[in-house]
Every structure is written in structure tokens, then in C-alpha cells.
Amino acid sequence: MNENVFGGYEITQDTVAILATRHIDYATIVLEPDQQLYINKKPLQLIKSACLDGGASYDGRRKAVIHHMGAQKKWNKVPIPIYPLEWIYAFPTHAPDYEECYWIFYLHVKTILPHPKYRGRSIVLFKTRKKPLEVNVSHRSLLRQLLLTSHCMMKYMTR
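Going letter by letter, the sequence shown gives residues 335 to 493 in the working numbering.
Below you can see the structure in the form of C-alpha cells.
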């Protein structure tokens, strides 16, 4: 294998996306503007660790978002304010414990397009990264996640 595999990763403002992968040597691919990193820990482990570093547990942040946004039903794909004071918010593409869940970092997203060939898939274009990301989630679903994350950010900004 040619890639360097790291035991952990600290989420920063350079984190563009965190991708779950099924690979024998690593569990996660982290996208940054100019590089791709291979990490031994699962995406949710990285998110949970970053939340704790930011002063609250993942579960606490998740419950707070659900409370402040007034969700009435079970809500699996909750956007997470990882470091709200630094504007680092991420949203999952699937339920966070799903093995193919990606985490996309809001401030890096330029636009989300429907896949030109495959129904039920999307293309995410980033402001800070040249290479687009193909996601196995519908355009409508990802746009909804992006909108919910922006609402979450507004709720936290006005508190």
C-alpha cells in the first residue's frame, strides 16, 4: 500500500469531508482542500472525539440540536455543531452508525448536483477542493441536509 495510514485525526477548518470506507488497512478517508488522508478510526469516532475536544459530547450536541430545532419525530441524520465558535458544522449522509455514512462539512460546500447518470446519487462540489465527491444519496436528501445544517447554524448564532 502506498498511502500513509494515521492512527487518528483532529478535525479542523480544513476538514472538507470524512468518508467511511471498507478497506483492510484503514476505516476512513479524510478530505482536505489539498490532500486525502487515511485514518484507522471510523468516522463517527473522529466526530465524537472532536465534539469532546470542543467541550461537549456528541450525544449532548445531538440532543441539543434536536431540542433547539424542534424535531418531533425520530431524526437520524442530525447536523452536528462540532466547533460552533469556529463555524465547524458537519452533516451525515446516512444514519451515523451506517457503514457507508459520509460526514460533509458545511462551509466547504459550494453546491450539490444530481448525478447526471445515476438516479438516487449526487455530486458535491466544494469551494476549497477541486475534485467533486460522488455520494450514494439523492440530490433532494443532501439538499435537505444542507438546509437543516444552515438552520442549525442560525439557531446557534442567535443564542
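Every residue, glycine too, gets a C-beta built ideally from N, C-alpha and C. The structure presented is a predicted model; accordingly, all values stated were derived computationally and were not measured.
Bridge partners of Pro426, per DSSP? Trp437
Would you report the Cα separation of Thr492 and Tyr423, rounded to the nearest angstrom? In this structure, the straight-line span from the alpha carbon of Thr492 to that of Tyr423 is close to 16 Å.
Beta-carbon proximity of Ile363 to Tyr372, cut-off 8 Å: It is a contact, given that the beta carbons lie within the stated cut-off.
Note down, in chain order, each residue of its chain lying with its Cβ closer than 7 Å to the Cβ of Pro466, except the 5 sequence neighbours on either side. Ile457, Val458 and Leu459
Which value, in whole angstroms, describes the spacing of the CA atoms of Ile400 and Gln369? 33 Å
Roughly how many angstroms lie between the CA atoms of Tyr490 and Met403, to the nearest whole one? 10 Å
Collapsed DSSP secondary structure at Lys397 in the structure displayed: In the displayed model, Lys397 falls within a helix according to three-state DSSP.
Member of Tyr417, Gly454 and Leu476 whose CA lies at the smallest distance from the CA of Ser391: Tyr417
Helix, strand or coil for Pro377, going by three-state DSSP, please let me know. helix
Enclosing beta strand (DSSP E) for Thr445 [first to last residue]: Val443 to Pro448
In whole angstroms, what separates the C-alpha of Cys385 from that of Asp393? 9 Å
Compute the beta-carbon to beta-carbon distance between Pro377 and Trp437, rounded to the nearest angstrom, for a pair I have assumed lies under 8 Å. 6 Å
With Ser484 as the anchor, note down where its alpha helix (DSSP H) starts and where it stops. Ser484 -> alpha helix (DSSP H) spans His473 to Met491.
Secondary structure of Glu344, DSSP reduced to three states: Judged by DSSP in its simplified three-state form, Glu344 adopts coil rather than helix or strand.
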